[in-house]
Amino acid sequence: AFSGNRNWQPVWRTPEPKPHYDVIIVGGGGHGLATAYYLAKEFGITNIAVLEKSYIGSGNVGRNTTIIRSNYMLPGNEPFYELSMKLWEGLEQDFNYNAMVSQRGIVNLIHSDGQRDAYARRGNAMRMHGVDAELLDREQVRKMMPYLNYDHARFPILGGLLQRRGGTARHDAVAWGFARGADMRGVDLIQQCEVTGIRRENGRVTGVETSRGFIGCNKLGLAAAGNTSTLGRMAELDLPIESHVLQAFVTEGLKPVIDNVITYGAGHFYISQSDKGGLVFGADLDAYSSYAQRGNLATVEHTLEEGVALIPGLSRVRVLRAWGGVMDMSMDGSPIIDRTPIDNLYLNCGWCYGGFKATPASGFCFAHLIAKNETHDVSRLLRLDRFERGFEIDESGKGPQPN
Ligand code: FAD
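Take the sequence shown: its letter number 303 is residue 327 in our numbering, and every next letter is one higher.
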């Protein structure tokens, strides 16, 4: 900075696309970049292109509310998200980049006896998987978060489920860390390159049509989050994914007041404080399908109502910015990392509102699948055909789980 930012070298190259790659990954979001990073680092495949229609980090990886956690309950999810948490714990050393991983703890608030039972069950399931979980009573919650509305609340706070190892990570630094690590190992990160078609011959993918011409490949991986169904259609795949907008908000900077992540169990509101001091929060989806990266005022009002119901003092704070991202909503709220009916086409999607925390494990398992053509053990239930076989992983039916 003392040089006036002159002579700073770009952190990754800007290569021209080659005519052919061993592997092409569509989507320069967290999952696409992590996949390329692990393919190169763990599986020795470096002739890879990541094709991004905009710039690296322009999608949900740079738009989320940065929460990481592994407080899931069901067998298909819990081991997968716990692998992700373990990878987060070593990530900054692994890719040698400061991603500001902060294990400040996450508390899911409890507002009814039934919800306490549901969270006790979730906590027990976590502990049986060797994951940390603590059930808090009302006084323990009050001691940790005295600024919440305890006395005149429509939905009184009765306790909380705490995962101390949960927390936050600086979202765009995660994208940059994976991008730099992949680029250093020879991966071509090709920005402003939109995939517009998937070319196939004899039932196999031969490459992709793009805004920069045709690029051939031996294997194609889709990691396009909210645009997955559009890409699926290019290969005549009708995928069980709907795209919806999720909004987020940040306030003016305040002195430290919220030192963990809090989720409101009587609604869908959640909040944390960024290291810069802004309160970062969000709530429900805009309920209509959309590919726009912005939402509507009804959800803004709804979000702020929930926020003020939980933290009355929030009504005095100014919101600085709001934005939206396009969520790839699967029908059971759980992700898909799998092959497709097309031999050399692989699919990574269905992250709903919760894919940021999954970034390292998703990249690792998708790289494993692409490199070995074998599913990694922790992602073995995240299959595409689970809906037709009746093996949904209905995590959302097991108690509220925002972000
Ligand atoms: P993206 O960053 O969206 O990457 C996909 C990329 O594909 C995009 O860059 C897009 O431009 C590119 N692309 C699409 N189509 C094409 C094409 N045809 N050709 C080339 N490139 C293409 N998750 C959490 O775990 N914790 C949270 O706190 C959390 N909060 C959230 C809050 C908000 C407001 C939002 C929007 C999301 C939140 N999420 C959260 C969800 C999380 O951000 C996503 O699930 C995750 O980032 C999706 O994976 P990704 O990073 O690879 O997606």
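All C-beta atoms, glycine included, are put in the ideal place defined by N, C-alpha and C. From a predicted model like this one, the values you see are computed outputs, not experimental measurements.
Verify whether the separation of the beta carbon atoms of residue 428 and residue 214 is less than 8 angstroms. Because the chain in this structure spans residues 25 to 427, residue 428 falls outside the shown range and cannot be described.
Whole-angstrom distance between residue 61 and residue 294, CA atom to CA atom: As a position in the sequence shown, residue 294 is number 270, starting the count at 1. As a position in the sequence shown, residue 61 is number 37, starting the count at 1. Cα to Cα, residue 294 sits roughly 31 angstroms from residue 61.
Do residue 47 and residue 242 count as a contact pair if the criterion is CB distance below 8 angstroms? What you label residue 242 is simply residue 218 of the sequence shown in a count that begins at 1. What you label residue 47 is simply residue 23 of the sequence shown in a count that begins at 1. Yes, Cβ-Cβ distance for residue 242 and residue 47 is below 8 angstroms.
Strictly by DSSP, which residues pair up with residue 339? Working through the sequence shown from its first residue, we reach residue 339 at position 315. Partner(s): none; residue 339 has no beta bridge.
Counting only the same chain and skipping the five closest in sequence on each side, list residues whose C-beta sits under 6 angstroms from that of residue 56. As a first step, residue 56 is located in the sequence shown; it is residue number 32 there, counting from the start. These residues qualify, in order along the chain: 49, 74, 247.
Taking only beta-carbon atoms, is residue 72 less than 8 angstroms away from chain C? Looking for chain C here will not work: only one protein chain is present.
Taking one C-beta from the region 131–150 and one from the region 165–185 each time, how about it: are there three or more such pairs within less than 8 angstroms? yes
Rounded to a whole number of angstroms, what is the C-alpha to C-alpha distance between residue 322 and residue 401? The sequence position of residue 322 within the sequence shown is 298, counting from 1. The sequence position of residue 401 within the sequence shown is 377, counting from 1. Residue 322 and residue 401 have their alpha carbons spaced roughly 42 angstroms apart.
I'd like the ranges of any alpha helix (DSSP H) spanning at least 4 consecutive residues and lying wholly in the region 243–305. 252–258
Measuring from the CB of residue 270, is there a heavy atom of the ligand FAD at a distance below 7 angstroms? Numbered from its first residue, the sequence shown carries residue 270 at position 246. Yes, Cβ of residue 270 sits closer than 7 angstroms to a heavy atom of the ligand FAD.
With three or more beta-carbon pairs closer than 8 angstroms as the criterion, would you say the region 379–386 touches the region 226–243? no
Which of the three DSSP states is assigned to residue 44 in this structure? What you label residue 44 is simply residue 20 of the sequence shown in a count that begins at 1. Strand.
According to DSSP, what are the bridge partners of residue 231? Within the sequence shown, the letter at position 207 stands for residue 231. Paired residues: 223, 240.
Residue 361: first and last residue of the uninterrupted alpha helix (DSSP H) it sits in: For the purposes of this step, residue 361 is identified with residue 337 of the sequence shown, where counting begins at 1. Premise fails: residue 361 lies in the beta strand (DSSP E), 360–363, not in any alpha helix (DSSP H).
Assigned exposure category for residue 83 - 16 Cβ within 10 Å defines buried: Taking the first residue of the sequence shown as position 1, residue 83 is located at position 59. Residue 83 should be labelled buried.
Assign residue 138 to one of two classes, buried (16 or more other C-beta atoms within 10 Å of its C-beta) or exposed (fewer than that). Along the sequence shown, one-based indexing puts residue 138 at 114. Classification of residue 138: exposed, given that the 10 Å Cβ count is below 16.
Assuming the contact rule is C-beta atoms closer than 8 angstroms, residue 249 and residue 51 should be a hit. Round their C-beta distance to whole Å, please. Position 225 of the sequence shown, counting from 1, holds the residue named residue 249. Position 27 of the sequence shown, counting from 1, holds the residue named residue 51. About 7 angstroms separates the beta carbons of residue 249 and residue 51, which is inside the 8 angstroms limit, making them a contact pair.
List the endpoints of the continuous beta strand (DSSP E) containing residue 161. For the purposes of this step, residue 161 is taken as residue 137 along the sequence shown, with counting starting at 1. Residues 158–161.
What's the C-alpha gap between residue 120 and residue 201? The sequence position of residue 120 within the sequence shown is 96, counting from 1. The sequence position of residue 201 within the sequence shown is 177, counting from 1. Cα to Cα, the separation comes out at about 8 angstroms.
Please tell me whether, using a cut-off of 7 angstroms, the distance from the CB of residue 87 to the nearest non-hydrogen atom of the ligand FAD is below it. Within the sequence shown, numbered from 1, the residue matching residue 87 stands at position 63. Yes; taking the cut-off as 7 angstroms, the Cβ of residue 87 has a heavy atom of the ligand FAD nearer than that.
Stretch-stretch touch, CB-based, cutoff 8 angstroms, three pairs: the region 257–271 with the region 293–310: Contact between the region 257–271 and the region 293–310 is present, because at least three Cβ pairs lie under 8 angstroms.
Could you spell out where the alpha helix (DSSP H) holding residue 117 opens and where it closes? Locating residue 117 in the sequence shown gives position 93, where the first residue counts as 1. Segment 102–119, the alpha helix (DSSP H) holding residue 117.
Neighbourhood of residue 407 by C-beta distance below 6 angstroms, restricted to the same chain and skipping five residues each side: Position 383 of the sequence shown, counted from the start, is the residue given in the question as residue 407. 362.
May I ask which residues mark the beginning and end of the beta strand (DSSP E) holding residue 72? For the purposes of this step, residue 72 is taken as the residue at position 48 of the sequence shown. That run of the beta strand (DSSP E) goes 72–75.
To the nearest angstrom, how far is the alpha carbon of residue 264 from that of residue 99? Looking up residue 264 in the sequence shown gives position 240. Looking up residue 99 in the sequence shown gives position 75. Computed Cα separation, rounded: 21 angstroms.
Run the proximity test for residue 351: is its beta-carbon closer than 7 angstroms to any non-hydrogen atom belonging to the ligand FAD? Taking the sequence shown and counting its residues from 1, the one referred to as residue 351 is at position 327. Checking the Cβ of residue 351 against the ligand FAD gives yes.
Closer than 7 angstroms by C-beta to residue 255: which residues in its own chain qualify, once you throw out the five before and the five after it? Chain order, please. As a position in the sequence shown, residue 255 is number 231, starting the count at 1. Contacts found: 50, 219, 246, 248.
Tell me the DSSP bridge mates of residue 373? Taking the first residue of the sequence shown as position 1, residue 373 is located at position 349. DSSP output for residue 373 lists 360 as bridge partner(s).
Is the Cβ-Cβ distance between residue 299 and residue 124 less than 8 angstroms? For this step, residue 299 is matched to residue 275 along the sequence shown. For this step, residue 124 is matched to residue 100 along the sequence shown. Yes, they are a contact pair.
Rounded C-alpha distance that separates residue 345 from residue 420: For the purposes of this step, residue 345 is taken as the residue at position 321 of the sequence shown. For the purposes of this step, residue 420 is taken as the residue at position 396 of the sequence shown. Spanning the two alpha carbons is a distance of roughly 29 angstroms.
Option nearest residue 278 by Cα separation, candidates 262, 342, 163, 191: Position 254 of the sequence shown, counted from the start, is the residue given in the question as residue 278. Nearest C-alpha to residue 278: 342.
Could you tell me the alpha carbon to alpha carbon distance between residue 217 and residue 77, rounded to whole angstroms? On the sequence shown, position 193 is the one that residue 217 refers to. On the sequence shown, position 53 is the one that residue 77 refers to. Roughly 4 angstroms between the two C-alpha positions.
Per DSSP, residue 350 is paired with what? The residue given as residue 350 occupies position 326 in the sequence shown. Residue 350 pairs with 269.
From residue 91 to residue 356, what does the alpha carbon distance come to, in whole angstroms? In the sequence shown, the residue the question calls residue 91 occupies position 67. In the sequence shown, the residue the question calls residue 356 occupies position 332. Computed Cα separation, rounded: 21 angstroms.
Is residue 64 near residue 387, with beta carbons less than 8 angstroms apart? As a position in the sequence shown, residue 64 is number 40, starting the count at 1. As a position in the sequence shown, residue 387 is number 363, starting the count at 1. No; because the gap between Cβ atoms is not below 8 angstroms, this pair is not in contact.
Residue 63 by DSSP, collapsed to three states: which one? Position 39 of the sequence shown, counting from 1, holds the residue named residue 63. Note: residue 63 maps to helix in three-state DSSP.
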